[in-house]
Amino acid sequence: MNPSTLVHRKSPIQVHTGGQRDGDRTQLARTTLISLSVLLLLSVLVGLATGPSGFFVKELGQYLVGAEMSVRDRVILETIRMPRVGLGILVGSALAVAGAVMQGLFRNPLADPGIVGVSSGASLGASAVIVLGASYLADVEAVLGVFTLPVAAFLGALATTALLYRIATAGGHTSIATLLLGGIAIAAFTMALTGILVFMADDLQLRDLTFWQLGSLAGATWQKCLSASPAILAILLLCPFLARGLNALALGEASAHHMGVSVQRFKNWAIVAVAAATGAAVAVSGGIGFVGIVAPHILRLFMGPDNRYLLIGSGLLGASLLLLCDAVSRTIVAPAELPIGIITALVGAPFFLWILLKRRSILGG
Amino acid sequence: MIKARNITVSLGGKKVLRGVDFEAAPNRFTAIVGPNGSGKTTLLRCLSGELGYEGHVLFNNANLATLSPRQQAQMRAVLPQASQVAFPFTVKEVVALGQPQTAGWRNPHTASMQIEARLAQVGLKGFAGRRYGALSGGEQQRVHLARVLHQIGAETNESSARWLFLDEPVSSLDIKHQLQVMGVAKTFSQENGGVIAVMHDLNLTAMFADEIFVMKDGEVAASGPPKEVLRTKIIASVFDCPLEVNVAPEADMPFVLPQSVQFAELP
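Chains as they are written, first to last, in this note's numbering: chain V, 1 to 365; chain E, 1001 to 1267.
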């Protein structure tokens, strides 16, 4: 039997094998990861060079080689742009990895913390701190300090993710329809609770809330980076462990068990990881959506769904995408600044639809 | 050796298995047959550590309940009735997923050759680069057979027996590939370890099994080698269907044709 005579499917299928005839995309994945690292480096340079006080090419060069430069430029680089780039890397990688992990956990490429209401849960936790931080939660804030906001957001995200998993998964099978609809219900509920908090807020808190909810890296400080980094770095370090379990889970929960994964324990870890990454990112940057959908999707199309490369790659690509979007947000209406959440949604939502339509044609619908 | 004693399982308030005793030996092909809903798959799911049970299962001299999923995965692989792959993996990548978690670093070239060999073994030579989702159901089933062989079939220094659990391995295959897959399983039982298979096709069971357990209503109705178990009296009563078992003279092997049914006696 000559297998080539059996192939009567055309290009859309070929895209998914990355053009590798022997079905092994390891080399392709490694090359992609190296390219993504270079892309991230370039994005960092773009992020450092861009801003309302001018496009720093010469200044950046001077800074990097340690040459003489004006105090003003040095301060701008060190206290404004660097923390902002640092925060962009943390948030972008966290959102993208959270998306990729969630998609693996729910075995569906449409799952994303932003879409199924996990970010709304994190928002609720964070809003509670912003509005009630000075009154009811003063004691908590006194203990947790800069970590109050991330911890509150994490708890909100954890509660929604765990609830969502319980709703959408029955007997080892996850229904995507239940997942999306359950996500809508949870998001509606948490947004109503957030609405109550907004109603209670005074004018100053209201301003904080609104800007924060739009999603932005503005006002990045080293302190914000510090408050978000423990959770996010922990998740990034967990990636290799998560990748193996997620790969096995791609064959279903029963098969994952057969292949030696302690399924329930692994799922608990994955849920905590998604919640921690989403919580930390939402706490410091608000509602930045679609990074978790766009980055893993592009990579799956390009180098396949193997999570050993996908998670790390998503982290690198998510960070780069966010830095580039942030550079656009700072220049497009300069000297004012467009919240980055608006840009990622403007780019991400049509992208999401495009993938949905493409997927439908591949599925023969 | 796998020994299950007095296994009882309740699912949704109903007793699906009632005091089942089951045994399978290495280097034997042990088949579990029986009508729909008789508890065949439930028994297999107990043995693969998926379901809680009352009773005792001795798995290679260890209590199954104390073995971690990882330890179990080193001793047995399971081919489910149907598998779904969530993302656009290639055939080769699906087989590679079976690579034991404990294998550590392997020479990529060697691993690649092993996967090609597994695919050839199940009649999928040249399929490595195809996208899994674009294959037919029967081809997908054979990809998973290659995957479980990859998980459990490799040479190790482990002395304990290794097992292949198959849940209706040939139900979605054409006759050529039914014979091929049964042949692969038989070879595994002869060379590498034991096979436990839930089967529907009595004739393939007669042809390949060394031992047969016949289940009915959550209990073992009969057990033994094919010629002792596949008898008109047993089959007709277990399946509640007036069939006649015959013996092919040349092969001295029992067979059951649906044509032998006595329609007048069909309940």
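Ideal Cβ placement from N, Cα and C applies to all residues, glycine included.
- Leaving aside the five residues that flank G114 (chain V) on each side, the residues in its chain whose CB is nearer than 7 Å to its CB run, in chain order, G289, F290, G292.
- By the neighbour-count criterion, in which 16 or more other beta carbons inside 10 Å mark a residue as buried, T1090 (chain E) falls on the buried side.
- A contact is defined here as three or more CB-CB pairs under 8 Å, and the stretch 117–130 of chain V fails this definition with respect to the stretch 86–93 of chain V.
- Here A248 (chain V) has A256, M259, V261 as same chain residues with Cβ atoms under 6 Å from its own Cβ, once five neighbours each way along the sequence are excluded.
- The Cβ atoms of R1005 (chain E) and H1056 (chain E) sit closer than 8 Å to each other.
- For L1230 (chain E), the three-state secondary structure derived from DSSP is coil.
- Here Q223 (chain V) has V146 as same chain residues with Cβ atoms under 6 Å from its own Cβ, once five neighbours each way along the sequence are excluded.
- By the Cβ test, the stretch 1032–1039 of chain E is in contact with the stretch 1233–1250 of chain E, since at least three Cβ pairs between them sit closer than 8 Å.
- A contact between stretches requires three or more CB pairs, one per stretch, nearer than 8 Å, and the stretch 73–84 of chain V meets this requirement with the stretch 44–51 of chain V.
- Beta-carbon to beta-carbon, L1230 (chain E) and A1206 (chain E) are separated by about 6 Å, close enough to satisfy the 8 Å threshold.
- Contact between F351 (chain V) and A276 (chain V) is ruled out by a C-beta separation of about 26 Å, above the 8 Å threshold.
- Boundaries of the alpha helix (DSSP H) around V328 (chain V): 307–331.
- In the structure shown, S1223 (chain E) adopts extended strand secondary structure according to DSSP, grouped into three states.
- Under the rule that a run must span 4 or more residues, the alpha helix (DSSP H) segments found entirely inside the stretch 68–102 of chain V read 71–75.
- Within 8 Å of the CB of T1041 (chain E), no CB atom of chain V is found; the nearest one sits about 11 Å away.
- Secondary structure note for I1002 (chain E): its beta strand (DSSP E) is the uninterrupted segment 1002–1011.
- Under DSSP, F1239 (chain E) shares a beta bridge with no residue.
- Of the candidates V:S70, V:A319, V:T221, V:V129, V:A319 places its Cα closest to the Cα of L36 (chain V).
- For the stretch 77–102 of chain V, the beta-carbon criterion of a distance under 7 Å to any beta-carbon of chain E is satisfied by none of its residues.
- Here the alpha carbons of G1183 (chain E) and V97 (chain V) stand approximately 44 Å from one another.
- Using a Cβ-Cβ cut-off of 8 Å, P1242 (chain E) does not count as an interface residue toward chain V, since no Cβ of chain V sits closer than that to its own.
- Taken in chain order, the unbroken stretches of beta strand (DSSP E) that lie wholly in the stretch 1061–1097 of chain E and span 3 residues or more are 1076–1079.
- Per DSSP, the unbroken beta strand (DSSP E) holding T1030 (chain E) starts and ends at 1029–1033.
- Counted as a single uninterrupted DSSP element, the alpha helix (DSSP H) harbouring P150 (chain V) occupies residues 148–168.
- The distance from the Cβ of T1030 (chain E) to that of F1213 (chain E) is about 7 Å, consistent with a contact at the 8 Å cut-off.
- Under a 10 Å Cβ-count criterion, M1113 (chain E) is classified as exposed, with fewer than 16 other Cβ atoms of the shown protein chains found around its own Cβ.
- For H258 (chain V), the chain E residues whose C-beta falls within less than 7 Å of its own C-beta are S1048, A1073, A1077, V1078, listed in chain order.
- Within chain V, the residues placing a beta-carbon under 8 Å from that of K1092 (chain E) are D22, G23, D24, ordered along the chain.
- Scanning chain E for C-beta atoms nearer than 9 Å to the C-beta of V261 (chain V) yields P1069, R1070, A1073, Q1101, reported in chain order.
- Following the DSSP letters along the chain, one finds V1245 (chain E) inside the beta strand (DSSP E) bounded by residues 1245–1248.
- Against chain E, the CB of P305 (chain V) has a partner CB under 8 Å away; the residue lies at that interface.
- Residues of the same chain with a CB within less than 7 Å of the CB of S175 (chain V), apart from the 5 flanking positions on each side, are A168 in chain order.
- For secondary structure counted as the alpha helix (DSSP H) over 4 or more consecutive residues, the stretch 207–261 of chain V holds these complete runs in sequence order: 222–249, 253–258.
- Counting of Cβ neighbours within 10 angstroms places T26 (chain V) among the buried residues, the total reaching 16 or more.
- For G1137 (chain E), there is no enclosing beta strand (DSSP E); the residue is found in the alpha helix (DSSP H) stretching over 1137–1152.
- The count of Cβ pairs closer than 8 Å, one atom from the stretch 194–205 of chain V and one from the stretch 222–241 of chain V, stays below three, leaving the stretches out of contact.
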